[in-house]
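Note sheet for the following structure.
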Amino acid sequence: MHAGECDKGHARILWQVVATSTSARSGTGGELSAGELAVTRQLLIHGPATRGDLGDRLNLSYASMSRLARSLIGGGIASEDLEPPSAVGRPRQILTAVPGARHVVGCKLTSDTAYAVVCDMFGEVSATARAALPAAVDGVVPVEATAKIVAQLATRLGRKVPSLDGIGVTVGGVVVDRTVVQEGTFLGWSDVDLGTPLRERTGLPVIVANDVAALAREQLWFGAGRTHSTFGIITVGAGLGFGVVREGVAVEQLIDNGHLLAHAPIDTRGPRCSLGHPGCVAAYLNREDVEAQASAAAGHPVTFDDLVRARASGDPAATERLNGAARALGHLIVTFAGALQTTCIVLAGEDLAAFTDSAPLNEVIDDRLRPGPAESQRCTLDIVTTPLTFTDWARGAAVTGIQNALGAH
């Protein structure tokens, strides 16, 4: 979905493509104080600033801001330099976050592979690694062996940076207490404590999170959160995923793991999902459901990628199936935005490319945003798209680890 504006009728849709990459120890020796964290967060999200500007934003006195600045500078979290001299006035002192103040390994676990990256405090990836997970036994991937592999990846990547300050691990599923995978379908896990064995093996702070929740935290600091305090995330790939940031806070655990949105009705005359719902969101967008429907219609196995290729070659059945998915995604986007009362939705995931420049999707969004004849309010929706690789998913885990290491709980 290319950068540009679509202004039809009374609704303007702004499509913005965002790249998945973004452009030491503190005085406390580990996690930052609340004040230090607030200043650091401002510097990471909004860039360099003067002490006065930061004090105004955070409602801090000059004395308090000076004390925090000294602490952050002394701890290596920030540096302070004079801005380039200008023709008018005296040069100001500018406070800047130091990228190398923290380094964290992020690891995304799939059903068979661990994808890992090491990032600095700005979320910049400096090295990557991957390793196969042990084969599942009776449908369950061995936990201790998985922890060992993640620890080995962290050790390998840790050698590429001056110091390692934490580990972030993400999985598809439900995570509680930032350490226990309560439900990890792809791994066959139920109530699995992954954080504790990792902490014991590495001696580092470890946070375990849902992969989409981690993406929400990454977007909060280095993406949509720079311009929107409330936004939603929809991921379209191996499964449907949802993330929420509300008033500057990432929601770590949804009440339903996204079930209610995933099975919201679109067209009761449409195909059924695996749970038997006629024409729900999942029936149109969940990859397994789409592939099952296409395979049944064709009489042989058909993958999602097969459908995309068939549409490109002019196959009418594949075109209509993917058009239906695009329309469902359009309804999902505006419904989610309305429920959150936000003007920003982030779209991500491996299957997102199938809906690039989709006319059916744009038509649905435009129709849903158009006000009635007696309504004067004009709705604008910013839809930010971030096609993801597994390295990008691992980066989300790393950014979550950075926030955890800094004390952003």
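At position 236 of the sequence shown (counting the first as 1) the number is 218 in the working numbering, and the numbers step up by one without a gap. The C-beta atom is built at its ideal place from N, Cα and C for all residues, glycine as well. Here the structure is a predicted model, which means the values were calculated and not measured.
With 16 or more neighbouring CB atoms inside 10 Å of its own CB, G240 falls in the buried class. Of the residues assessed, V122 falls on the exposed side of the cut-off, its CB having fewer than 16 other CB atoms within 10 angstroms. In the pairwise beta carbon analysis, the stretch 379 to 386 is classified as not touching the stretch 217 to 231: fewer than three pairs are separated by under 8 Å. In the DSSP assignment, W171 forms a beta bridge with G166.
Non-local C-beta neighbours of T128 in its own chain, meaning closer than 8 Å and more than five positions away in sequence, comprise L91, A96, L115, P116, L169 and L176, ordered along the chain. Secondary structure note for D102: its beta strand (DSSP E) is the uninterrupted segment T95 to D102.
Three or more beta-carbon pairs drawn from the stretch 260 to 275 and the stretch 304 to 318 are found closer than 8 Å, and the two stretches are therefore classed as touching. Between A191 and V157, the C-beta gap is smaller than 7 Å, which places the two residues in contact. Selection I131, D333 and F337 evaluated against L370 yields D333 as nearest (Cα-Cα). Between the stretch 335 to 342 and the stretch 55 to 69 there are fewer than three inter-stretch CB-CB distances shorter than 8 Å, so the stretches are not counted as touching. Relative to K142, the option among K130, H85, A300 and L180 whose CA is nearest is H85.
Under the Cβ criterion (8 Å, minimum of three pairs), the stretch 97 to 106 does not count as touching the stretch 180 to 199. When secondary structure is reduced to three states using DSSP, L314 falls in the helix class.
The beta carbon of G154 lies closer than 6 Å to those of F168 and D193 in the same chain, with the five residues before and after it left out.
Distance from T285 to R293 at the Cβ level is roughly 13 Å; contact not present, criterion being Cβ atoms closer than 8 Å. In this structure the stretch 223 to 238 does not touch the stretch 358 to 378; the number of beta carbon pairs closer than 8 Å is below three. Partner residues in a beta bridge of K142, as assigned by DSSP, do not exist.
At a cut-off of 4 residues, the continuous stretches assigned as alpha helix (DSSP H) that sit fully inside the stretch 241 to 280 are 241 to 244, 263 to 267 and 269 to 280.
The three-state secondary structure of V123, taken from DSSP, is coil.
Sixteen is the threshold: since fewer than 16 other Cβ atoms of the shown chains lie within 10 Å of the Cβ of A45, the residue is exposed.
With 16 or more other Cβ atoms from the protein chains shown falling within 10 Å of its own Cβ, A265 counts as buried. The C-beta distance from L36 to Q24 rounds to 6 Å, short enough to fall under 8 Å. Residue range L222 to R228 is occupied by the beta strand (DSSP E) that includes G225. L304 is classed as buried because its beta carbon has at least 16 other beta carbons within 10 Å across all chains shown. Our two residues, I76 and I59, have alpha carbons roughly 14 Å apart in a direct line. The DSSP assignment places 213 to 218 as complete runs of the beta strand (DSSP E) inside the stretch 196 to 220, in order along the chain (cut-off: 3 residues).
Around the CB of R251, fewer than 16 other CB atoms lie within 10 Å, so the residue is classed as exposed. The residues A195, in chain order, have a CB closer than 6 Å to that of E234 in the same chain once the five nearest residues on each side in sequence are set aside.
At the C-beta level, V125 and C89 stay beyond 7 Å of one another. R33 is the residue among E62, R39 and R33 whose C-alpha sits nearest the C-alpha of S48. Between the alpha carbons of P353 and Q134 lies a distance of about 56 Å.
A straight line joining the alpha-carbon of D364 with that of H28 spans about 19 Å. Annotation for T92: no alpha helix (DSSP H) segment contains it, and DSSP assigns it neither H nor E. Per DSSP, the continuous alpha helix (DSSP H) segment holding V381 begins and ends at F372 to L388. Here V231 is exposed, its C-beta having fewer than 16 other C-beta atoms within 10 Å.
Secondary structure of Q75 (DSSP, three-state): strand.
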